[in-house]
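Only one structure is covered here, and it is reproduced in the block below.
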Amino acid sequence: MSELLERIEITPEVLHGKARIKGTRVAVYMVLEMLAGDYSFDEILKEYPHLAPEDIKACLQYAAVAARDELYPLEANV
Numbered sequence: 008m009s010e011l012l013e014r015i016e017i018t019p020e021v022l023h024g025k026a027r028i029k030g031t032r033v034a035v036y037m038v039l040e041m042l043a044g045d046y047s048f049d050e051i052l053k054e055y056p057h058l059a060p061e062d063i064k065a066c067l068q069y070a071a072v073a074a075r076d077e078l079y080p081l082e083a084n085v
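Here the working numbering = 1-based position in the sequence shown + 7.
Laid out in structure tokens, this is it:
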């Protein structure tokens, strides 16, 4: 797990401090939104050819850790 998370970095001056894939301007949330939108790993890698499959897995791992460790309330759909 920790090896994957080493692929993620947060730098205040880049992307307003949002988590991103190390050495890129690709935010974790962007990859997660693509996965939620039914993009396959291959489609994401075509869109961002400088990424590796492990980078996508790192985004998923980061989301899992964030969901486990933090509670972010969502507004109810009314």
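Glycine residues also receive a C-beta, built at the ideal position from the N, C-alpha and C atoms. In this text, all values refer to a predicted model and were calculated from it rather than measured experimentally.
Leucine 39 sits away from arginine 32, with the two beta carbons spaced by 8 Å or more. Residue nearest to glycine 30 within the set Arg14, Met41, Leu42 is Arg14 (criterion: CA-CA distance).
If you look at leucine 22, you'll find it isn't in any alpha helix (DSSP H); DSSP assigns it neither H nor E.
Taking 8 Å as the upper bound for CB-CB distance, leucine 12 and tyrosine 55 are not in contact here, some 19 Å apart. Counting the other CB atoms within 10 Å of its CB gives aspartate 45 a total below 16, which places it among the exposed residues. Around the CB of aspartate 62, 16 or more other CB atoms lie within 10 Å, so the residue is classed as buried. Where valine 35 is concerned, the enclosing alpha helix (DSSP H) starts and stops at 35-43.
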